[in-house]
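Count along the sequence shown from 1, then add 1; that gives the number in the working numbering. Encoded as structure tokens, the structure appears first; notes follow it.
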Amino acid sequence: MLVHFLTDEPTKIPAIRAILGPEHDIAAQVLGTVSTSAISHGVLMIDADLRKPAPVEQLKIVLGDLRDVSDKLFVVQKHLHHMVAQAFALGATSVVSRPKEIVTKLAEIEVAQKAAQAAAQAGSANASPEMTHSAAVFGSMFTAIRDGRPFKLADAEAATSEIINGIERNGLSPWLNDVRRYHEGTFQHCLLVTGIAVGFAMAIKFSAADIKRLGLAATLHDIGKARIPLQILDKPGRLDPDEEKVMRTHPVIGYDILKAQQEFSEEILDGVRHHHEYLDGTGYPDGLSAPQISDLVRLLTISDIYAALIEARPYRAPMTGPAAYKILEGMQGKLEGSLVKAFRKVALAA
Ligand SMILES: [Fe+2]
Ligand SMILES: [Fe+2]
């Protein structure tokens with residue numbers, strides 16, 4: 002495959018050639034000396050120090066011209082949360098850290114590109130620009146929170162609207178496939194929950210305004226995870242009880258961040274704080290029971306659990322839609338039964 006390699010450090014060029022070997026063609030350029038020619042095929046790989054302002058600024062300019070490249074692979078140090086978030090803010094579709102991971106990811110992209118070409122020839126939809134843009138907004142929000150800066154409500158609303166438009170145009174299933182193909186970890190989860198919540202709201206014939214309200218709550222629901230240490234957030238295994246305790250602080254962290262910004266409605270704050278509450282009072286952080294849990298939160302919780310089940314986790318394979326739905330059905334007493342029933346067609350169609 003043709004790899005367009007962009008770096009801030011010339012010594013990284015022979016290193017990447019050694020890692021990739023002769024089966025990939027590499028077109029390497031050093032940032033700042035780049036004349037951005039159009040890239041029509043292959044993959045764009047970027048290895049630059051995203052902690053420094055200069056390469057980030059240069060990349061913003063270069064990537065502005067390369068907005069339409071479908072696969073943008075960033076080489077990052079995954080333990081540096083800021084770097085990962087910055088990569089997604091710049092439009093990364095995947096991040097990798099170790100050489101072995103780079104090779105595996107390229108092989109995956111090659112397979113996916115061939116499948117996309119075949120699908121395009123067969124007339125089906127291509128990867129959506131809405132997804133890449135929405136993911137970039139998620140990246141920016143996470144970076145801002147990490148740096149203690151406010152982010153714009155308008156950006157979160159615009160990302161939500163793009164997701165709604167994409168699903169309206171192509172349906173939920175292509176959206177979910179796109180997200181799972183291109184993104185991982187927390188970003189994948191946030192994009193999936195938003196897509197599922199929007200698809201759910203459409204299936205139960207919500208008004209356009211209500212679809213937006215639920216979509217925005219879903220976009221922001223896990224924003225508190227931006228402050229959870231990455232070794233817990235991306236741990237390649239199940240969390241131990243102490244780590245679980247830290248993880249469970251994310252709804253209150255998210256609530257506090259949004260509350261401090263003073264521009265988010267009570268309803269959004271409620272969704273962010275209470276999406277892990279259950280009707281029988283066994284949820285967290287406040288142990289609410291049914292009368293205290295709003296309809297919006299009930300919908301959000303179902304979308305959130307379902308998304309988590311159909312995601313790949315390092316310690317388990319993703320579940321199919323029907324298998325994940327069975328789990329929701331088994332959570333009687335915790336989730337609103339009539340909504341779980343209404344969710345059936347969303348789960349089985351996804
Ligand atoms: Fe959550
Ligand atoms: Fe979540």
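Yeah, the Cβ is synthetic: ideal placement off N, Cα and C, and Gly gets one too.
Name the DSSP bridge partner or partners of M46? F6, L74
Given R299 as reference, the closest of R317, E337, P252, D148 once Cα atoms are compared: E337
Spatial neighbours of G140 within its chain, please: CB distance less than 6 Å, with the 5 preceding and 5 following residues excluded, ordered by chain position. A86, F89, A90
Looking at T220: is its Cβ nearer than 8 Å to the Cβ of A157? yes
Could you give the distance in angstroms between the alpha-carbon of S22 and the alpha-carbon of Y183? Note on identity: in this sequence residue 22 is Gly, with Ser being the wrong assignment. Each residue's Cα considered, the two are about 24 Å apart.
Run the CB neighbour count on Q333, radius 10 Å, all protein chains shown included, and call it buried at 16 or more, exposed below. exposed
Report whether the distance from the Cβ of H275 to the nearest heavy atom of ligand 1 is below 7 Å. no
Determine the closest residue to T250 out of I224, E264, F265, with distance taken between C-alpha atoms. I224
If you reduce the DSSP assignment to three classes, tell me which class D66 lands in. helix
In whole angstroms, give me the CA-to-CA distance for P151 and N166. 26 Å
With distances taken Cα to Cα, identify the nearest neighbour of L81 among K327, T283, T144. T144
What does a CB cutoff of less than 8 Å around A137 pick up in its chain, not counting 5 residues either side in sequence? F89, A90, L91, G92
Quick one: what's got a C-beta closer than 7 Å to S304's C-beta in the same chain, skipping five residues either side? V194, I197, A198, F201, A219
Proximal residues to L289 (C-beta, below 8 Å), its chain only, five neighbours per side dropped: H275, E278, G282
Per-residue DSSP class, three states only, for D26: strand
Following a CB-centred definition, is H184 positioned closer than 7 Å to any heavy atom of ligand 2? no
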